[in-house]
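Okay, so the sequence shown: first residue is 270 according to my numbering, each after it adds one.
Reading through the structure tokens given below for one structure.
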Amino acid sequence: MCDIQNGFKLCTCDEKLATSDIGWELKRTNADLPLHHRKGRAVIPRYNQQEQALQTLILENLNQHNCFDFDYRPQENDYVRIKAKASNRPESQWFGYRFRRNQWQIDQSDSLAAWKTQLEEYKNGVIE
Numbered sequence: 270m271c272d273i274q275n276g277f278k279l280c281t282c283d284e285k286l287a288t289s290d291i292g293w294e295l296k297r298t299n300a301d302l303p304l305h306h307r308k309g310r311a312v313i314p315r316y317n318q319q320e321q322a323l324q325t326l327i328l329e330n331l332n333q334h335n336c337f338d339f340d341y342r343p344q345e346n347d348y349v350r351i352k353a354k355a356s357n358r359p360e361s362q363w364f365g366y367r368f369r370r371n372q373w374q375i376d377q378s379d380s381l382a383a384w385k386t387q388l389e390e391y392k393n394g395v396i397e
């Protein structure tokens, strides 16, 4: 896991990565998939100050720089998850972002959101 304080690049890999090695995932909406309205109780992550600062830093990088190492033009509802570690935490955690209205936004939906049932993996890789 690299330090993303000074920017980062979301790199794709030629070889298939082990799940534990994946540092980011990009998903794209497939309108051909059925939209499922799921029921249950979802937990919305709560972040402390350091985690919120890291989440905002990632968001700023996504919106101000070309963070992908391939030719990529975001489409409405694209979804990227990025694994990063706040300075006050022993382990990395995932932060989610949704492309809406021509910019990346912090995803504030829960895991049961119906729109997420139409997402399918587009790319993934490591963070450099």
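Quick reminder that beta carbons are idealized off the backbone N, C-alpha and C, glycines included.
Rounded to the nearest angstrom, how far is the Cβ of Y348 from that of D376, given a contact under 8 Å?
At roughly 7 Å, the Cβ-Cβ gap stays under 8 Å, so Y348 and D376 are in contact.
For M270, name the three-state secondary structure that DSSP assigns.
Model confidence at M270 stands at a pLDDT of 47, short of 50, so the residue's coordinates are unreliable and nothing is read from them.
Do N393 and I313 count as a contact pair if the criterion is CB distance below 8 Å?
Not in contact: I313 and N393 (Cβ atoms no closer than 8 Å).
On a CA-only basis, which of Y316, L388 and A383 is nearest N357? Give me that one, please.
Nearest C-alpha to N357: Y316.
If we require 3 or more residues per run, which beta strand (DSSP E) segments fall completely within the region 322-389?
Fully enclosed beta strand (DSSP E) runs of 3 or longer: 348-353, 362-369 and 372-375.
Just to confirm before moving on: does the CB-CB distance between F368 and I351 stay below 8 Å?
Taking 8 Å as the Cβ cut-off, F368 and I351 do not qualify as a contacting pair.
Once the 5 residues before and after W384 are set aside, which same chain residues still bring their CB inside 7 Å of it?
Cβ neighbours of W384 beyond the five flanking positions: N346.
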